[in-house]
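In order, the protein sequences belong to chains A and B. Numbering-wise (the working numbering), the first sequence opens with residue 1046 and increments by one. Numbering-wise (the working numbering), the second sequence opens with residue 2 and increments by one.
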Amino acid sequence: MDIKTIFESLSTALDLEISLIEDSYEIKIKVAPEGLHQLLARCKQDPELAFDALTNQTGIHVDESIQLYYVLYSYSHHHELMVNCEVPLEGGEAPSVVDLWPGADWLERETYDLLGVQFTGHPDLKRIMLPEDWEGHPLRKDYVFPESYQGIDNRPSEITKSFQQK
Amino acid sequence: MGKQLRTEVMTINMGPQHPSTHGVIRFIIKTDGEIVHECEPDVGYLHRSIEKIGELMTWQGFVPFTDRVDYLASMNANWAYCTAVESMIGTVVPRRAEFLRVMVGELNRISSHLIAIGATSMDLGGFTPFIQLLREREYINDLLEMACGARLTYNYMCIGGVLYDVPANWNEKVAEFLTHFELAMEQMNRLISYNRIFINRMANVAPVSREQAIGYNLVGPNLRGSGVQFDLRKNHPYSVYPELEFDIPYGQGREGQVGDSYDRYYVRLEEIRESIKIIRQCIKMIPEGDIQAKVKNSIKPPKGVFHSKTETPRGETGYLIESNEKTSAYRIKIRTGSFTAMSIIPELAPGLFIADLIALIGSLDVVAPELDR
Chain A
1046 MDIKTIFESL STALDLEISL IEDSYEIKIK VAPEGLHQLL ARCKQDPELA
1096 FDALTNQTGI HVDESIQLYY VLYSYSHHHE LMVNCEVPLE GGEAPSVVDL
1146 WPGADWLERE TYDLLGVQFT GHPDLKRIML PEDWEGHPLR KDYVFPESYQ
1196 GIDNRPSEIT KSFQQK
Chain B
2 MGKQLRTEVM TINMGPQHPS THGVIRFIIK TDGEIVHECE PDVGYLHRSI
52 EKIGELMTWQ GFVPFTDRVD YLASMNANWA YCTAVESMIG TVVPRRAEFL
102 RVMVGELNRI SSHLIAIGAT SMDLGGFTPF IQLLREREYI NDLLEMACGA
152 RLTYNYMCIG GVLYDVPANW NEKVAEFLTH FELAMEQMNR LISYNRIFIN
202 RMANVAPVSR EQAIGYNLVG PNLRGSGVQF DLRKNHPYSV YPELEFDIPY
252 GQGREGQVGD SYDRYYVRLE EIRESIKIIR QCIKMIPEGD IQAKVKNSIK
302 PPKGVFHSKT ETPRGETGYL IESNEKTSAY RIKIRTGSFT AMSIIPELAP
352 GLFIADLIAL IGSLDVVAPE LDR
């Protein structure tokens, strides 16, 4: 099923404001965080769509927001859909979809760890890649690398600096 | 005698430096005697922030870093990234380069599966197959070294094709190797794959149902082991795969339940045979011609978010890339097979023996750098 048909089927079935994002690549469906869970649940449960796998989930820091992306795939219909959801940078919250796809657990933990998005309803939201006492979220564009961690000097050496200046 | 033994749940630590965790991964296991009650993987020991590095490097300059995403299958890791960027800028790769990519990619798939199979058998106590398979892998390393000069992190592919053409007699060398290798595989199979002790250790251990596999988003051999006949090379073909004939092996419950550790192991074995088939066809079909498309020095893909996926030895590698029309990516997210494979372990581990947990980790073929990135 192509994405425009999926979009029409979703917008007739749900009482939500959804829109299409058309950039140079595949079309994405945009939804507000309040309607995200409802939309994704519909995507999974509707037999016409049957998106039984969440293949990828991540966020991108753009200006004052985090753009969340959910890539869904259906093993029965072999089609793919990208859902976009914008949350604010500070105190951004999105509903967790672990109840729909158990595989979302680690993907959401990674997004929380590296971008600092809170997923409400996640069973165990904690850092996954970085140590638990790490400060900040490194994949944000305004992240400053800490000068030391646990007494370990992290400042770049003279040689590194000479490369950075170039 | 006759008295009930007092037992209690004990928390033990496995890893991060443990020979059977396939790299630096730590498991926090709650056990009652030998029975695992709870297992929590603690990952991140090899986190090198490759995604962040991708935002600093140029599009072409990021290729050597993709080698380090999965060092056991660098060719396929290169390929996944190059395919993504080529689709973004709409480059058509020359036919000879596509065939070379398929050949080195499949050779690398074989060598990666050899490690997976060998390491599993070594974890279960059979050391000989591991040594034997490393010897075979050495021949593949020689072949890939002839093509690109490196033995582990190849950096062979570039955006628009491959960096070097292969030497004149390379195809014959590959054909020679395949003939030798098929015999060696038979020898290996007699030693381990059809060995009753090995089968008893692997069969019926930690079966993954079809629903679990899809829900936890397992990919590649782990997904196929659970009876899902799905392969990106067939279902969403890229490169020259539509012209090549091969089958998708999948778990059929050969020695026990569908989706058990032995099924996952056996799917890899069958995939090696399919790869041999593919390479043999490529040797016949490979044309003469260019090996690189003309790509501008400073690539600036159009604005937007792109998602691409390719089939690597550890399953689907997905690249979600945002481009800003700059000389480097705005954001690169790499989705790897090991990451999701690891996330299913807490679900499967309860009730297993500790020794079976090792079999499970081995059969999922988790590679630490790919997991942490």
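Yeah, the Cβ is synthetic: ideal placement off N, Cα and C, and Gly gets one too. Here the structure is a predicted model, which means the values were calculated and not measured.
- Between the region 281 to 298 of chain B and the region 154 to 162 of chain B, the count of Cβ pairs shorter than 8 angstroms is three or higher; the stretches touch.
- One Cα belongs to GLU271/B, the other to LYS278/B, and the distance between them is close to 11 angstroms.
- Taking a Cβ-Cβ cut-off of 9 angstroms, VAL296/B has no neighbours in chain A, whose nearest Cβ is about 17 angstroms from it.
- Annotation: the region 3 to 69 of chain B contains the following complete segments of the beta strand (DSSP E) (minimum length 3 residues), in chain order: 11 to 15, 27 to 33 and 36 to 43.
- Straight through space, the alpha carbons of ARG211/B and ILE1066/A are spaced by roughly 33 angstroms.
- The C-beta of PHE28/B comes no closer than 7 angstroms to any C-beta of chain A.
- For SER262/B, no chain A residue has a C-beta closer than 9 angstroms to its own C-beta; the minimum C-beta separation is roughly 20 angstroms.
- Taking a C-beta cut-off of 7 angstroms against chain B, the contacting residues of the region 1111 to 1122 of chain A are TYR1114, VAL1116 and TYR1120, listed in chain order.
- Annotation: THR1156/A is outside any beta strand (DSSP E); the continuous alpha helix (DSSP H) that includes it extends over 1149 to 1160.
- Contact with chain B is found for GLY1148/A, since one of that chain's Cβ atoms lies less than 7 angstroms from the residue's Cβ.
- The C-alpha of MET11/B lies about 35 angstroms from the C-alpha of HIS114/B.
- ASP1198/A is bridged by DSSP to SER1193/A.
- Non-local beta-carbon contacts of ALA169/B in its own chain, meaning distances under 8 angstroms to residues more than five positions away in sequence, are absent.
- THR337/B is not a Cβ neighbour of THR311/B, given a cutoff of 7 angstroms.
- Within chain B, the residues placing a beta-carbon under 7 angstroms from that of LEU1099/A are ASN218, ordered along the chain.
- Shown here, GLN230/B sits in coil according to DSSP, grouped into three states, outside any helix or strand.
- In the DSSP annotation of this structure, the continuous segment of the beta strand (DSSP E) that includes ILE1074/A starts and ends at 1073 to 1076.
- By the neighbour-count criterion, in which 16 or more other beta carbons inside 10 Å mark a residue as buried, HIS308/B falls on the buried side.
- Within chain B, SER50 and LYS53 have C-beta atoms less than 8 angstroms from the C-beta of PRO1183/A, given in sequence order.
- From the beta-carbon of THR1103/A, the residues of chain B found nearer than 7 angstroms are LEU321 and LYS334.
- Contact annotation for LEU1175/A against chain B: GLY45 and HIS48 [CB-CB distance below 8 angstroms, chain order].
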